[in-house]
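J.: Those protein sequence lines, which keep their order, are chains A and B. Reminder that position 140 of the first sequence reads as 140 in the numbering used here, one-by-one numbering, no gaps. Numbers in the numbering used here are just positions in the second sequence, counted from 1, shifted up by 152.
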Amino acid sequence: MVSAMEIYQLTPKLNCKKCGLPTCMAFAVALLAREKQIEDCTPLLEPKYEAKLKKLREVMAPVAGATETGLIIHDERCYGCGNCVVACPVNVANDPKGSAIGLGPKSDKVILIVEDGVVKCLNPKECRRFGPNRILCNLCTATCPSKAIEFV
Amino acid sequence: MAVCTGCSLLCDDIEVSIDGRSITRTKNLCRKGFGRYRSLTSDRSVPRVDGRQTSIQEAISRAAEMLRNARRPMLFGWSCSTLEAQRKGIELARRARAIIDDTSSICQGEIVDMIIRRDIPSCTLDDVRNYGDTLIFWGCDPSSSHPRHMSRFSYYPRGEKLQRGHEEDRTAFLIDIRASPTAKILAGNFVQIPPGGDSDLIDAMLAVLDGKIPKVKDKKALISMMNTLKKADMGVIFPGLGLAYSLKGRMDRLKALVDRLNETTRYNVISMVGHYNMRGFNQLLFDETGFINRVSFADGVNHGPMYSVVEASKSCDLAMIVGSDPISSLPAGIAKALARVPMITLDPHRTLTTELSRVVIPTALSGIEAGGSALRMDGVRIEFDAIVKSEYPSDEEVLSRILEEI
Ligand code: SF4
Ligand code: SF4
Ligand code: SF4
Ligand code: SF4
């Protein structure tokens, strides 16, 4: 996964504040958190930064596929084992007769389910990592035997 | 709800949407199970006699004729068939005075044998979910072989007495020779041993239980693990193929450990059976003959290593293979011997074995195209119905027709 440092290396490093942030490093962090868009850094769109822009779009591509909580799913790595489905505390709370006891989800309020052998994210807004009171929950990713899910 | 026959967990909470003969969407199937459902439309076998495509009926008649004329036939496979088909298979073996053996013979037969004979205590997976607070996965990698094992039953789910699941109420250890995917999630409790080191580890574990200093490198880690094991309310050991191979012929070592642990607390053993109904075949044959595998009906009931697939492949004059691919899975030397014997193979799919068989009889994919019942790895009986219509007969039908014609 791309880090804020790598993103920073691809900014113009002008600290010009045109993006609305005090420094390019702050912009890099905001970009990773998806609070800013690449285009918010207007200097970067100038022809002389063309190579950096191209590279930045490349490294940001996988992050763009993430849900609002920053969850990225690598379909090809997923075993469909359901560990994350059963371990997610929100699934457990919302689905006591299904995922809480190891079965396939019986409620439509769950965040994670397995479909056609691969995990899917249904209600990202229910995730503890979402919204103003978010906490750094990682129970789902910690249970994954294949690193098929991760947070950016 | 459908049942998955992708492994011996026989998950029965599968949701499937079907459009005519094809499956459009599934829920809760793991990747492995999804693969089995998807195999419905790939690489199906075709009826063949002596390399020539024929009708299923002709292939069945030819199989019956070959069985009638054989002097020392062997019937092998069975772990991917329903209990109903297995029952017919045992009847056919009696009638043809054949040797009958299943995949447990080259797999976890010794452990299953001890469980079926009640030489070591066992319990159901539902018991594990509700009460199993201390687990040992030994020589297995459930994440790859039984992907939903840890999420449905053993580690992650909440149980009656274990409301907090893995977070606080359960402790799981993994003992293996390699850092498998399961080792990634049990990293802190992963005990890596050298190949064949299982027996030495058991000695060391027994030493700690006897209050002695174990002869291992990391004494502290082992002592701390044994302290946790001793505190179990209900412990469960899940031995896999790795342990079965390593302790081959010395399974009393495992029994010694389990007995010792049971002196102070409760420990059960559930064998990580691979194929969906190996346990079923072992139980059926045991109920009928007193042996779980390696039986000859040539002269009453006889049992022994000479009737194992490994030995019988060299001595039989006809092999009937049901739902198995021994040419791919047996050691090369044995597979070579078997390939020289005329083979009759019942299989839904094309395999190396069907390719080399005199007679190929295509069959329905059980659990999807054919109903029946099977025993889960813990011996619990699970029933299932066909969920799509099929042009292929089930193993049970084919075996019944052969029995009629023989
Ligand atoms: S607009 Fe671009 S160059 Fe200016 S501070 Fe922001 S990131 Fe740096
Ligand atoms: S971060 Fe926590 S709440 Fe969000 S999906 Fe993962 S386990 Fe569930
Ligand atoms: S994302 Fe990981 S834990 Fe979740 S189902 Fe896939 S392999 Fe299992
Ligand atoms: S764990 Fe086994 S039985 Fe369950 S869905 Fe996966 S392959 Fe099928």
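Even glycine gets a Cβ: it sits at the ideal position worked out from N, Cα and C.
Does the beta carbon of B:Arg190 fall short of 6 Å from some heavy atom of ligand 4?
T.: Within the second sequence, numbered from 1, the residue matching residue 190 of chain B stands at position 38. B:Arg190: no, Cβ never under 6 Å from ligand 4.
J.: Would you kindly work out how many angstroms separate the C-alpha atoms of B:Thr323 and B:Leu381, rounded to a whole number?
T.: By 1-based counting over the second sequence, the position of residue 323 of chain B is 171. By 1-based counting over the second sequence, the position of residue 381 of chain B is 229. Roughly 9 Å separates the two Cα atoms.
J.: For A:Ile101, which option in B:Glu210, B:Cys182, B:Glu262, B:His301 has the closest C-alpha, if you only look at C-alpha atoms?
T.: Here residue 101 of chain A refers to the residue found at position 101 of the first sequence. Selected option, being the one with the closest Cα: B:His301.
J.: How many Å lie between A:Glu126 and B:Gly185 at the Cα?
T.: Reading the first sequence from its first residue, position 126 is the one you call residue 126 of chain A. Reading the second sequence from its first residue, position 33 is the one you call residue 185 of chain B. Distance between the alpha carbons of A:Glu126 and B:Gly185: 29 Å.
J.: Considering just the uninterrupted stretch of the beta strand (DSSP E) at B:Pro294, what are its terminal residues?
T.: Translated into the one-based positions of the second sequence, residue 294 of chain B becomes position 142. Boundaries around B:Pro294 are those of the alpha helix (DSSP H), 294-297, since no beta strand (DSSP E) includes it.
J.: Excluding the five sequence neighbours on either side, which residues of its own chain have a C-beta within less than 7 Å of the C-beta of B:Glu463, listed in chain order?
T.: Residue numbering aside, residue 463 of chain B sits at position 311 when the second sequence is read from its first letter. The residues are Pro457.
J.: When you compare only the Cα positions, how much space is there between A:Ile149 and B:Leu353?
T.: Here residue 149 of chain A is taken as the residue at index 149 of the first sequence, counted from 1. Here residue 353 of chain B is taken as the residue at index 201 of the second sequence, counted from 1. In a straight line, the C-alpha of A:Ile149 is about 35 Å away from that of B:Leu353.
J.: What does a CB cutoff of less than 7 Å around B:Arg304 pick up in its chain, not counting 5 residues either side in sequence?
T.: Counting from 1 along the second sequence, the entry for residue 304 of chain B is found at position 152. Scanning its chain for C-beta atoms nearer than 7 Å, with the 5 sequence neighbours on each side dropped, one finds around B:Arg304 the residues Leu161, Cys163, in chain order.
J.: By the 10 Å Cβ neighbour count, where 16 or more other Cβ atoms means buried, how is A:Thr42 classified, buried or exposed?
T.: Here residue 42 of chain A refers to the residue found at position 42 of the first sequence. Its Cβ having fewer than 16 others within 10 Å, A:Thr42 is exposed.
J.: If contact means a Cβ-Cβ distance below 8 Å, which residues of the stretch 115-134 of chain A contact chain B?
T.: Glu115, Asp116, Gly117, Val118
J.: Cα-Cα, which of B:Ala396, B:Ala489, B:Leu181 is closest to B:Val421?
T.: Numbered from 1 along the second sequence, position 269 holds the residue referred to as residue 421 of chain B. Closest option to B:Val421, Cα to Cα, is B:Ala396.
J.: Name the chain A residues whose beta carbon is nearer than 9 Å to that of B:Arg281?
T.: What you label residue 281 of chain B is simply residue 129 of the second sequence in a count that begins at 1. Simply Ile101, Gly102.
J.: With 7 Å set as the bound, which would you pick, yes or no: does the beta-carbon of A:Asn83 sit closer than that to a beta-carbon of chain B?
T.: Translated into the one-based positions of the first sequence, residue 83 of chain A becomes position 83. Cβ-Cβ to chain B under 7 Å: yes for A:Asn83.
J.: So which residues on chain A does B:Arg300 lean against when the C-beta distance must stay under 7 Å?
T.: For the purposes of this step, residue 300 of chain B is identified with residue 148 of the second sequence, where counting begins at 1. Correct list: Cys81, Gly82.
J.: Under three-state DSSP, which class holds A:Gly98?
T.: Looking up residue 98 of chain A in the first sequence gives position 98. It is coil, neither helix nor strand.
J.: Taking 8 Å as the cut-off, does the stretch 391-406 of chain B touch the stretch 243-256 of chain B (at least 3 CB pairs, one atom from each stretch)?
T.: no
J.: Who are B:Ser525's beta bridge partners in DSSP?
T.: Looking up residue 525 of chain B in the second sequence gives position 373. Answer is B:Glu535, bridged to B:Ser525.
J.: So if I threshold CB-CB distances at 9 Å, which residues from the stretch 135-150 of chain A count as touching chain B?
T.: Leu139, Ala142, Thr143, Cys144, Pro145, Ser146, Lys147
J.: Quick one: which unbroken alpha helix (DSSP H) runs of 4-plus residues sit fully inside the stretch 311-360 of chain B? Chain order, please.
T.: 317-320, 333-337
J.: State the DSSP-derived secondary structure class of B:Gln260, mapped to helix, strand or coil.
T.: Taking the second sequence and counting its residues from 1, the one referred to as residue 260 of chain B is at position 108. B:Gln260: coil per DSSP, three-state reduction.
J.: If you measure from the beta carbon of B:Thr176 to each beta carbon in chain A, is any gap under 7 Å?
T.: Numbered from 1 along the second sequence, position 24 holds the residue referred to as residue 176 of chain B. Judged by the 7 Å Cβ criterion, B:Thr176 is not in contact with chain A.
J.: Hey, is B:Phe305 close to ligand 6, as in C-beta under 6 Å from one of its heavy atoms?
T.: Summarising the ligand content, the structure contains ligand 1, ligand 2, ligand 3 and ligand 4 and does not contain ligand 6.
J.: Starting from A:Cys84, trace the beta strand (DSSP E) both ways and give me its first and last residue.
T.: Counted from its first residue, the first sequence places residue 84 of chain A at position 84. First-last for A:Cys84: 83-87, but that is the alpha helix (DSSP H), not the beta strand (DSSP E).
J.: Would you mind working out which of B:Gly229, B:Ile268, B:Met266, B:Asp271 sits nearest B:Ile251, comparing C-alpha positions?
T.: Here residue 251 of chain B refers to the residue found at position 99 of the second sequence. The candidate whose alpha carbon is nearest that of B:Ile251 is B:Gly229.
J.: Within 10 angstroms of its Cβ, does B:Cys182 collect 16 or more other Cβ (buried), or is it exposed?
T.: For the purposes of this step, residue 182 of chain B is taken as the residue at position 30 of the second sequence. B:Cys182 comes out buried.
J.: CB of A:Ile111 to nearest heavy atom of ligand 2: below 6 Å?
T.: Translated into positions along the first sequence, residue 111 of chain A becomes position 111. Flag set: Cβ of A:Ile111 near ligand 2.
J.: Would you call the stretch 504-523 of chain B in contact with the stretch 473-491 of chain B, where contact means no fewer than 3 C-beta pairs closer than 8 Å?
T.: yes
J.: Roughly how many angstroms separate the alpha carbons of B:Ser295 and B:Met218, rounded to a whole number?
T.: Taking the first residue of the second sequence as position 1, residue 295 of chain B is located at position 143. Taking the first residue of the second sequence as position 1, residue 218 of chain B is located at position 66. Going by the C-alpha atoms only, they are around 43 Å apart.
J.: Provide the residue span of the beta strand (DSSP E) that contains B:Glu210, from first to last.
T.: Locating residue 210 of chain B in the second sequence gives position 58, where the first residue counts as 1. First-last for B:Glu210: 208-221, but that is the alpha helix (DSSP H), not the beta strand (DSSP E).
J.: With distances taken Cα to Cα, identify the nearest neighbour of A:Gln37 among A:Pro47, A:Ala51, A:Lys18.
T.: As a working note, residue 37 of chain A is residue 37 in the first sequence. A check of alpha carbon separations from A:Gln37 across A:Pro47, A:Ala51, A:Lys18 identifies A:Lys18 as the nearest.
J.: How far does the alpha helix (DSSP H) with B:Asp285 in it extend, from its first residue to its last?
T.: The residue you call residue 285 of chain B lines up with position 133 of the second sequence. That residue, B:Asp285, is in no alpha helix (DSSP H); it is neither H nor E in DSSP.
J.: So, does the CB of A:Val90 fall closer than 7 Å to a CB anywhere in chain B?
T.: Against the first sequence, residue 90 of chain A aligns to sequence position 90. No, A:Val90 lies away from the interface with chain B (no Cβ there is under 7 Å from its Cβ).
J.: Whose C-beta lies closer than 6 Å to the C-beta of B:Ser448 among residues of the same chain, with five residues either side of it excluded?
T.: Taking the second sequence and counting its residues from 1, one reaches residue 448 of chain B at position 296. Once the five neighbours on either side are set aside, the close Cβ partners of B:Ser448 are Ile251, Asn454, Tyr459.
J.: Interface residues of chain A around B:Lys179 at Cβ under 9 Å?
T.: The residue given as residue 179 of chain B occupies position 27 in the second sequence. In chain order: Gly104, Pro105, Ile113, Val114, Glu115, Asp116.
J.: Would you call the stretch 495-502 of chain B in contact with the stretch 255-265 of chain B, where contact means no fewer than 3 C-beta pairs closer than 8 Å?
T.: no
J.: Compute the distance between the beta-carbons of B:Ile327 and B:Val343, then report whether it is under 7 Å.
T.: The residue given as residue 327 of chain B occupies position 175 in the second sequence. The residue given as residue 343 of chain B occupies position 191 in the second sequence. Going by C-beta atoms, B:Ile327 is nearer than 7 Å to B:Val343.
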